[in-house]
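Residue numbers (the numbering used here): -13 to 107.
No residue lacks a Cβ here, since even glycine has one placed at the ideal position from N, Cα and C.
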């Protein structure tokens, strides 16, 4: 008798945004770089339509629609005053709109404060 087994393939769709700083903290005037990925069942989705808004919380100054050919894109932005910077990404996969929700980076007032925070002081 031959036994066959397998795993059920998941259908979950995830929009993931990864900053270039582990703790999501940046200093005023520093460029924050984010990698955006759209995944279905842990695999990048090719040619996915996406839209994004970026800028200070409540006041985005960038709004665009794009097609992510390989399921990824890189975005960079910066602020000249302390506050929260938001990159809000929505992907459209097979008619489903998926929003990336956890979307703020803290822009710290000075480099010395950021350095002390990273050192745990």
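Rounded to the nearest angstrom, what separates residue 43 and residue 26 at their Cα positions?
Taking the chain shown and counting its residues from 1, the one referred to as residue 43 is at position 57. Taking the chain shown and counting its residues from 1, the one referred to as residue 26 is at position 40. Those two C-alpha atoms are separated by around 28 Å.
Pick from 22, -2, -1 and 82 that is closest to residue 40, judged by C-alpha positions:
In the chain shown, residue 40 corresponds to position 54, counting from 1. The candidate whose alpha carbon is nearest that of residue 40 is 22.
Neighbour-count burial assignment, residue 85, 16 or more Cβ in a 10 Å radius:
Looking up residue 85 in the chain shown gives position 99. So residue 85 counts as exposed.
Whole-angstrom distance between residue 51 and residue 6, CA atom to CA atom:
Within the chain shown, residue 6 is the residue found at index 20, counting from 1. Within the chain shown, residue 51 is the residue found at index 65, counting from 1. Roughly 23 Å between the two C-alpha positions.
Contact between the region 71 to 86 and the region 0 to 18: three or more CB pairs below 8 Å?
yes
Thinking residue 31 and residue 24 are a contact (beta carbons under 8 Å), I'd like their distance in whole angstroms, please.
Translated into the one-based positions of the chain shown, residue 31 becomes position 45. Translated into the one-based positions of the chain shown, residue 24 becomes position 38. About 5 Å; that satisfies the 8 Å criterion.
Can you say whether residue 81 is buried or exposed, counting buried as having 16 or more other CB atoms within 10 angstroms of its CB?
Reading the chain shown from its first residue, position 95 is the one you call residue 81. Result: exposed.
Express the C-alpha separation of residue 75 and residue 67 in angstroms, rounding to a whole number.
Within the chain shown, residue 67 is the residue found at index 81, counting from 1. Within the chain shown, residue 75 is the residue found at index 89, counting from 1. Distance between the alpha carbons of residue 67 and residue 75 is about 23 Å.
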